[in-house]
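Novice: Residue numbering for the sequence shown follows our numbering, starting at 1174 and increasing by one per position.
Using N, Cα and C, we set each Cβ at its ideal position, and we do this for glycine too.
Because the structure is a prediction, the values reported are computed rather than measured.
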Amino acid sequence: MKKLFSLVVAVAAMLNVSAKTETKIEVKAGGYTCTATFLSPTIVRVTKTPDGKAIEGKSMVVTMQPQENVKVSRKEDGTNLVLKSADLSVALEKATGRVTFSSEGETLLREKSFTLEERTTGADKGSYIAGQVFTLDADEAIYGLGILQDGKMNRRGTHRYMIQGNTEDYQNVIQSVKGWALYWDNYSPTNFDDDENGMSFRSEVADGVDYYFMYGQTVDGCISEMRELSGQVPMFPLWTYGFWQSKERYKSLAELTGVVHKYREQGIPLDGIVQDWQYWGSHYLWNAMEFLGDGFQNAQAAIDDIHNHNAHLMITIWSSFGPQTKGYREMAAGNHLFDFSTWPQSGIESQWPPRMDYPSGVRCYDPFSAEARDIYWNNLKRLYDMGLDGWWMDSTEPDNFDFKDSDFDHPVDGGKATMRRLRNAYPLACVGGVYEHQRAVSDEKRVFIMTRSGYAGQQRYGSNVWSGDVGSSWEIFRAQIPAGLNFTLTGNPNYNTDIGGFFAGAYNKGWNDGSAVHNPLYRELYTRWMQYGMFCPVFRSHGTEVPREVYLYGKPGEPIYDAMVSTIRLRYRLLPYIYSTAWQVTSNAQSYMRPLVADFREDKRTWDMGHEFMFGKSILAAPVVHAQYTPEKSVSVDAMSGWDKKENKDNFDVANVDFSQPRSTTKYLPAGTRWYDFWTGKQYDGGQEVELKTTIDYIPMFVREGSIVPLGEEMQHTGEKKWDNLEIRVYPGADAAFTLYEDEGDNYNYEKGIYSTIDFKWNDRARRLTVETRKGEYPGMLTERRFTVKLPDGQEKTVAYEGKKVSVKF
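(1) Should the region 1859–1874 be called in touch with the region 1919–1936, which here means at least 3 C-beta pairs below 8 angstroms?
(2) Which runs of the beta strand (DSSP E) fall wholly inside the region 1385–1460 and span at least 3 residues, in chain order?
(3) Given a threshold of 16 other Cβ atoms within 10 Å of its Cβ, counted over all protein chains shown, does residue 1959 qualify as buried or as exposed?
(4) Using only alpha-carbon positions, find the residue among 1780, 1790 and 1746 that is nearest to residue 1765.
(5) Using the Cα positions of residue 1520 and residue 1530, report the straight-line distance between them to the nearest angstrom.
(6) Can you find the residues in the same chain that come closer than 8 angstroms, C-beta to C-beta, to residue 1810, ignoring five residues on each side of it along the sequence?
(7) Taking the alpha-carbon positions, what's the residue 1915 to residue 1381 distance?
(8) Leaving out five residues on either side along the sequence, give the residues of the same chain with a beta carbon under 6 angstroms from the beta carbon of residue 1407.
(9) Helix, strand or coil: how does DSSP classify residue 1124 here?
(10) Does the distance from the CB of residue 1720 to the CB of residue 1690 come in under 9 angstroms?
(11) When DSSP builds the beta bridges, which residues end up paired with residue 1317?
(12) For residue 1805, which residues in the same chain have their Cβ closer than 8 angstroms to its Cβ, ignoring the five residues on either side in sequence?
(13) For residue 1814, does the three-state DSSP call read helix, strand or coil?
(14) Which ranges does the beta strand (DSSP E) cover as unbroken runs of at least 3 residues, wholly within the region 1612–1688, from first to last along the chain?
(15) If you run the structure through DSSP and keep just helix, strand and coil, what is residue 1191?
(16) Since residue 1736 contacts residue 1869 with CB under 8 angstroms, what's their CB separation in whole angstroms?
(17) Please return the same chain residues whose Cβ sits closer than 7 angstroms to the Cβ of residue 1193, not counting the five positions on each side in sequence.
(18) According to the Cβ coordinates, are residue 1964 and residue 1903 closer than 9 angstroms?
(19) What separation, rounded to the nearest whole angstrom, lies between the Cα atoms of residue 1252 and residue 1359?
(20) When you compare only the Cα positions, how much space is there between residue 1950 and residue 1322?
(21) Pop quiz: residue 1308 and residue 1371 are said to be a contact at Cβ under 8 angstroms. What is the actual Cβ separation, rounded to whole angstroms?
(22) Measure the CB-CB distance between residue 1492 and residue 1517 and report whether it falls below 9 angstroms.
(23) Checking 9 angstroms against the spacing of the C-beta atoms, do residue 1495 and residue 1553 come in under that value?
(24) Suppose you measure from the CA of residue 1910 to the CA of residue 1409; what does that come to, to the nearest Å?
(25) Taking just the CA atoms, how far does residue 1570 sit from residue 1599?
(26) Using the Cα positions of residue 1582 and residue 1592, report the straight-line distance between them to the nearest angstrom.
(27) Measure the Cβ-Cβ separation of residue 1942 and residue 1931 and say whether it is below 9 angstroms.
(28) Round the Cβ separation of residue 1450 and residue 1489 to the nearest angstrom and send it over; I've been treating them as touching at under 8 angstroms.
(29) In whole angstroms, give me the CA-to-CA distance for residue 1982 and residue 1884.
(30) Should residue 1427 be labelled buried (16 or more other beta-carbon atoms within 10 Å of its own) or exposed?
(31) Can residue 1289 and residue 1379 be called in contact, C-beta distance under 9 angstroms?
(32) If we call anything under 9 angstroms between Cβ atoms a contact, is residue 1340 one with residue 1265?
(33) State the CB to CB distance for the pair residue 1305 and residue 1373, rounded to an integer number of angstroms; the pair is presumed to be in contact (CB under 8 angstroms).
(34) CB-CB under 6 angstroms to residue 1528, same chain, minus the five flanking residues each way: which ones, in chain order?
(35) Helix, strand or coil: which one does DSSP assign to residue 1339?
(36) Three or more beta-carbon pairs under 8 angstroms between the region 1553–1568 and the region 1467–1479, yes or no?
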């Protein structure tokens, strides 16, 4: 037997094939150790370190454990070591350590060069500045990186110093139209560049080059791989998919509850309201996580009142504390506070610029410390115990004013690292701390977090990221759409914007007078932004300097008012479609907002389209993104950063505008399918631009043939009516399928299999819709209901459904 084994080894050596399956290859080249390791048949980790050194610690992002028994073959020739799975081949050049990824003979991505420059001084002495350059095809489109405000979809030609900020967030994730994705596993400030020299990442602090290559083959496949690598997406509560009203800020609980009452009186649907900052009182009490301010007494009664009106309350919390708060004292005692300048800089609220002779003393905390995260939650639990429904986690970048490079030297987590090394992962640690602590308390209430900053992997923490305090202009509005699509392509599907833009004061006649509610320029922008916002996972109006409550923009019968209200009502009718999509996001790694290249890659016109997108698998969202009734105006960079102009010398105002007149717009319909107008049922061939007649209340929407879209009844809040009388729209032209998902709406029982699904299947040749037998069950589940099946040509039939298979033929 011993001789036989030796013979096998010898034969394998002659054939350059390993006698046993190895998932890792390694070469030493030029004083560096370069490795490539298969974690799965389509995910490979690449590292490069100086000889004798290694990547230290556990990744903050990567949660995936290497799969057992990954089947790969190993070859060696004079130039390369090669590992090959059924889907992916990885060649490691022995002389240089360069890696080439390929599949079925086609090169996917090729390394060009790497650098490791040792840091010989400073707090990060002994670490390296790590850079890696890749070679892309000349016409290869790439996507991702996060939320960028340049209005571009394709990230070719992008140059960014990536450090988390108010309006731009970076994820270090890129994916290609060729079907590969890459996550650069580094949290320090990083330069991303793409030019004639190649595509590169260069990070300020590292133990070595460290990245993950994923071959998903499609956009969906790449997103799925990123979530396998860094965590899946938990479900938000059903009520989060309704309409949210917010502004900066409600100055008393009476004002806050009064808005909810007004929405109910006006019959405008609403599910959530947000209390922004200073419910705690002065800046010295910043983020006290208690209702201490004037006008905020008897908070429990107000919370109960909001709940009794079938609405939910989300409240702002920050990553910083004022010097008079309990949180500050506890954090200071544990040495968990940073000493850089953050918002607010002055303790005097009413003056601008800040009175720095009265410093606020507000300081950010160190979320990289487990002890600090415990302290944070113990303070937040006061609000949790009062029944608050969600957390608006602001300034999770965090704000760092009057920046000095020495601010990065501050030790974190008891000196285990510097802020420089972990800087971009700050929001991941902040949000993760809240999510994990709330999950530990109870599974009866789903975590809902909205935050101003995010990092790779944050999708696993029940986190929706919004695009920050953007200005109000058509140009900035248009930029939010590709920003959200590129963010989605990094793995986190949960994105939204401040509908109407945050800094809208330029549209006022005077400083902060709120007159923009009557200004036709702002009315048109706000309405069109809301129509886009309806297609975001969270549908939320917010901003400063101009009131945002819908009922202030007219009355029934007036065009702007009617357009806004009809948009909100449509959102509620789409809830069965949206919530079923949410289930696909959680269970099947799908996304709400899908760039057209995800479904129509063969149509090259979709490769760089950033203002149209798929909403779920069936609906093409093509919102109007250019002014049709008023002149477009620009907003200065100052207005985008905000808080720095107290007077408006060039206010944006025009005379009365007749919004009742029709206009027109042109939209592109991707090739490869036929399309139905959502409103009229008119059919169009794909691969063409179509001219549409529009009105201010018209949202261009199309449905691809071979789709099923369920619609609910109009309702005032998500819990008002059961889904016992759904309209099932079938769009013929191809076979279609849709899974209707239902559960209890706001707990984690779905993780235990407590939910139900109903499959709808359309056989196009037979012109038959089959409603399959219901699968699963949950408490309170409907056992009897009606489905009204409608075709675009006006045909409709109603069928009773009691959980058993039925069919309808047309």
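Specialist: The structure says:
(1) no
(2) For the region 1385–1460, whole beta strand (DSSP E) runs of length 3 or above, ordered along the chain, are 1416–1418 and 1445–1448.
(3) Counting from 1 along the sequence shown, the entry for residue 1959 is found at position 786. With fewer than 16 neighbouring CB atoms inside 10 Å of its own CB, residue 1959 falls in the exposed class.
(4) For this step, residue 1765 is matched to residue 592 along the sequence shown. Out of 1780, 1790 and 1746, 1790 has the C-alpha closest to the C-alpha of residue 1765.
(5) For this step, residue 1520 is matched to residue 347 along the sequence shown. For this step, residue 1530 is matched to residue 357 along the sequence shown. So the two alpha carbons sit approximately 9 angstroms from each other.
(6) Along the sequence shown, read from residue 1 onward, the residue named residue 1810 stands at position 637. Low local confidence applies: a pLDDT of 42 at residue 1810 is under 50, so the model's placement there is unreliable, with the coordinate-based value given in what follows. Nothing meets the Cβ criterion.
(7) For this step, residue 1915 is matched to residue 742 along the sequence shown. For this step, residue 1381 is matched to residue 208 along the sequence shown. If I take the Cα positions, the gap works out to 47 angstroms.
(8) Residue numbering aside, residue 1407 sits at position 234 when the sequence shown is read from its first letter. 1635, listed in sequence order.
(9) No answer is possible for residue 1124: the residues shown for the chain start at 1174 and end at 1983.
(10) To locate residue 1720, count along the sequence shown from 1; it is residue 547. To locate residue 1690, count along the sequence shown from 1; it is residue 517. Yes, Cβ-Cβ distance for residue 1720 and residue 1690 is below 9 angstroms.
(11) Residue numbering aside, residue 1317 sits at position 144 when the sequence shown is read from its first letter. According to DSSP, which records beta bridges pairwise, residue 1317 is partnered with 1347.
(12) For the purposes of this step, residue 1805 is taken as residue 632 along the sequence shown, with counting starting at 1. Excluding residues within five positions, the ones whose Cβ falls inside 8 angstroms are 1646, 1647, 1648 and 1799.
(13) Numbered from its first residue, the sequence shown carries residue 1814 at position 641. Note that residue 1814 has pLDDT 42, beneath the 50 cutoff, so the model's placement of it is unreliable and no number is given.
(14) Counting whole runs of 3 or more residues, the region 1612–1688 contains the beta strand (DSSP E) stretches 1622–1624 and 1636–1639.
(15) Position 18 of the sequence shown holds residue 1191. Reliability of the predicted coordinates at residue 1191 is poor, the pLDDT of 35 falling under 50, and no value is obtained from them.
(16) For the purposes of this step, residue 1736 is taken as the residue at position 563 of the sequence shown. For the purposes of this step, residue 1869 is taken as the residue at position 696 of the sequence shown. Going by Cβ atoms, the distance from residue 1736 to residue 1869 rounds to 5 angstroms, so yes, they are a contact pair.
(17) Taking the first residue of the sequence shown as position 1, residue 1193 is located at position 20. Note that residue 1193 scores 47 on pLDDT, short of 50, meaning its location in the model is unreliable and no value can be drawn from it.
(18) Here the question's residue 1964 lines up with position 791 in the sequence shown. Here the question's residue 1903 lines up with position 730 in the sequence shown. Yes. Within cutoff.
(19) Residue 1252 sits at position 79 when you count from the first residue of the sequence shown. Residue 1359 sits at position 186 when you count from the first residue of the sequence shown. Cα to Cα, the separation comes out at about 30 angstroms.
(20) Here the question's residue 1950 lines up with position 777 in the sequence shown. Here the question's residue 1322 lines up with position 149 in the sequence shown. A straight line joining the alpha-carbon of residue 1950 with that of residue 1322 spans about 44 angstroms.
(21) Position 135 of the sequence shown, counted from the start, is the residue given in the question as residue 1308. Position 198 of the sequence shown, counted from the start, is the residue given in the question as residue 1371. Beta-carbon to beta-carbon, residue 1308 and residue 1371 are separated by about 5 angstroms, close enough to satisfy the 8 angstroms threshold.
(22) Numbered from its first residue, the sequence shown carries residue 1492 at position 319. Numbered from its first residue, the sequence shown carries residue 1517 at position 344. The answer is no: Cβ separation not under 9 angstroms.
(23) The sequence position of residue 1495 within the sequence shown is 322, counting from 1. The sequence position of residue 1553 within the sequence shown is 380, counting from 1. The answer is no: Cβ separation not under 9 angstroms.
(24) Here residue 1910 refers to the residue found at position 737 when the sequence shown is read from its first residue. Here residue 1409 refers to the residue found at position 236 when the sequence shown is read from its first residue. So the alpha carbons of these two residues sit roughly 24 angstroms apart.
(25) Taking the sequence shown and counting its residues from 1, the one referred to as residue 1599 is at position 426. Taking the sequence shown and counting its residues from 1, the one referred to as residue 1570 is at position 397. Taking the straight line from one Cα to the other gives about 6 angstroms.
(26) Position 409 of the sequence shown, counted from the first residue, corresponds to residue 1582. Position 419 of the sequence shown, counted from the first residue, corresponds to residue 1592. Looking at the two C-alpha atoms, the distance is approximately 6 angstroms.
(27) Start at 1 with the first residue of the sequence shown, and residue 1942 comes out as number 769. Start at 1 with the first residue of the sequence shown, and residue 1931 comes out as number 758. No, they are not a contact pair.
(28) The residue given as residue 1450 occupies position 277 in the sequence shown. The residue given as residue 1489 occupies position 316 in the sequence shown. At roughly 5 angstroms, the Cβ-Cβ gap stays under 8 angstroms, so residue 1450 and residue 1489 are in contact.
(29) Taking the first residue of the sequence shown as position 1, residue 1982 is located at position 809. Taking the first residue of the sequence shown as position 1, residue 1884 is located at position 711. Near 20 angstroms, if we compare the C-alpha coordinates of residue 1884 and residue 1982.
(30) Your numbering for residue 1427 matches position 254 in the sequence shown. Flag for residue 1427 reads exposed.
(31) On the sequence shown, position 116 is the one that residue 1289 refers to. On the sequence shown, position 206 is the one that residue 1379 refers to. Yes, Cβ-Cβ distance for residue 1289 and residue 1379 is below 9 angstroms.
(32) Looking up residue 1340 in the sequence shown gives position 167. Looking up residue 1265 in the sequence shown gives position 92. Taking 9 angstroms as the Cβ cut-off, residue 1340 and residue 1265 do not qualify as a contacting pair.
(33) Here the question's residue 1305 lines up with position 132 in the sequence shown. Here the question's residue 1373 lines up with position 200 in the sequence shown. Between residue 1373 and residue 1305 the Cβ distance is about 6 angstroms, and since that is below 8 angstroms, they are a contact.
(34) Indexing the sequence shown from 1 puts residue 1528 at position 355. Cβ neighbours of residue 1528 beyond the five flanking positions: 1519 and 1521.
(35) Within the sequence shown, numbered from 1, the residue matching residue 1339 stands at position 166. Three-state result, residue 1339: coil.
(36) yes
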